[in-house]
Amino acid sequence: MHVFLKGYTGDWKQGTPESMGVAPPPIQKPYPPDSRLVDLVRPDNIKLGNASVAKIINQRRSRRNFTSKPFSNEELSYLLWSTQGISKIEKDSDGNVMYHFRTVPSGGSKHPFETYLIINHVDGIRPGLYRFLPLEHKLLVIREAEDFPQKIVESCYGQKHTGEAAIVFIWSVIPFRTEWHYGCVAHKLISIDAGHLCQNLYLAAESIGAGTCAMLGYNQNKLDKLIEVDGKEEFAFYLAPVGKIKAE
């Protein structure tokens, strides 16, 4: 375990895909052109999150008891922007994306995660499985269905609060995005990056009267199947049920 945490102690820059001339992976997982998309309130139009940062940090807690109150489209948009929103894109003279900056830090700005959502209670959005598209700031419809609460509970070893959440954030990882530049130390950066984005979810949720509790207690194969990823080049990595909390 200590060796794993330390990572490679040699020159990790030798033999990386980047150093061998391999093209970088796309910054967002592609999707079919005929896919159904759901509009979200644009980041520039979000009027939430005005509470004191110090106050929100002080009152942050892990929350598992949720009310049945639904989220608004604006609230969902705010949570997504806070965790994976794109704040700036730099392109070369040919229009190719060179660098992109998000609302959370990531080693080398590689951002190896995709955000999947089980939506149960959001005004104007049908229950089902979605994927967030940060470049468009929209939702990609994967499958609309009413049975996801039961399936997420089964995937999380019977933890009932996962099925009671209004929204379940499930982050998959595409390791090659980080491996391309960092090679054999990518696993270390990926794990750290996961903490960055989930802490933003904690704070953003707290600022709108909601809460979450990050989880690693899930069955890998079941969760990969649930979000329809291959389990090899992309697999579930972290999840967080989110819901409105009772006033204390």
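Position 216 of the sequence shown, counting from 1, maps to 219 under this note's numbering, and the rest follow consecutively. The beta-carbon is built from N, C-alpha and C at its ideal position, and this holds for glycine as well.
> Of the choices T215, G214, S175, A189, whose alpha-carbon is the least far from that of G234?
Replying inline: That would be S175, whose Cα lies nearest to the Cα of G234.
>> If the criterion is Cβ atoms closer than 7 angstroms, does the pair A243 and L219 meet it?
In response: No, the pair does not count as a contact, with Cβ atoms beyond the cut-off.
> For L120 versus I170, is the C-beta distance shorter than 7 angstroms?
Replying inline: Judged by their CB atoms, L120 and I170 are nearer to each other than the 7 angstroms cut-off.
> Roughly how many angstroms separate the alpha carbons of V144 and P36, rounded to a whole number?
Replying inline: As the crow flies, the alpha-carbon of V144 is around 12 angstroms from that of P36.
> Which residue's Cα is closest to the Cα of R66: E167, I49, A197, Y133?
Replying inline: When only C-alpha atoms are compared, the closest one is E167.
> Count the other CB atoms within 10 Å of the CB of V25; is the residue buried (16 or more) or exposed (fewer)?
Replying inline: By the neighbour-count rule (16 or more Cβ atoms within 10 Å), V25 is not buried but exposed.
> For I1, which residues of its own chain have a beta-carbon under 8 angstroms away from its beta-carbon, when the five flanking residues on both sides are left out?
Replying inline: Residue 1 lies beyond the range of the chain shown here (4 to 251); nothing can be said about it.
> What separation, rounded to the nearest whole angstrom, lies between the Cα atoms of K50 and Q87?
Replying inline: Each residue's alpha carbon lies about 18 angstroms from the other.
> What's the C-alpha gap between T118 and S85?
Replying inline: A straight-line Cα-Cα distance of about 12 angstroms links T118 and S85.
>> Quick check: does the Cβ of H190 come within less than 6 angstroms of any heavy atom belonging to the ligand PLP?
In response: Within the structure as shown, the ligand PLP is missing, as the structure has no ligands at all.
> Since P115 contacts D227 with CB under 8 angstroms, what's their CB separation in whole angstroms?
Replying inline: Incorrect: roughly 16 angstroms between the Cβ atoms, too far for contact.
>> Contact between the stretch 179-191 and the stretch 42-58 is defined here as three or more beta-carbon pairs at a separation below 8 angstroms; is this criterion met?
In response: Counting Cβ pairs under 8 angstroms, fewer than three are found: no touch.
> Excluding sequence positions up to five away, which residues of its chain have a Cβ less than 7 angstroms from the Cβ of K225?
Replying inline: Non-local beta-carbon contacts of K225 in its own chain, meaning distances under 7 angstroms to residues more than five positions away in sequence, involve E157, S158 in chain order.
> DSSP on D227, reduced to helix/strand/coil?
Replying inline: Three-state DSSP puts D227 in a helix.
> Buried or exposed: where does S109 fall if 16 or more other Cβ atoms within 10 Å of its Cβ makes it buried?
Replying inline: With 16 or more other Cβ atoms within 10 Å, it is buried.
>> Excluding the 5 residues flanking F179 on each side, which residues of the same chain have their C-beta closer than 6 angstroms to its C-beta?
In response: Cβ within range, chain order: P28.
> Would S75 pass as a contact of D126 if the rule is Cβ separation under 7 angstroms?
Replying inline: Result yes, Cβ atoms of S75 and D126 sit closer than 7 angstroms.
> Of the choices T215, M23, Y133, S210, whose alpha-carbon is the least far from that of N53?
Replying inline: The residue with the shortest Cα to Cα distance from N53 is S210.
> Where does S80 fall in DSSP's three states?
Replying inline: S80 falls in the helix class under three-state DSSP.
> Are F135 and L83 closer than 7 angstroms when you measure CB to CB?
Replying inline: Their beta carbons are under 7 angstroms apart, which means F135 touches L83 by this criterion.
> To the nearest angstrom, how far is it from the Cα of P130 to the Cα of F238?
Replying inline: If I take the Cα positions, the gap works out to 22 angstroms.
> For Y133, which three-state DSSP category applies?
Replying inline: It is a strand residue.
> Expressed to the nearest angstrom, what Euclidean distance is found between the alpha-carbon atoms of P152 and N123?
Replying inline: Going by the C-alpha atoms only, they are around 8 angstroms apart.
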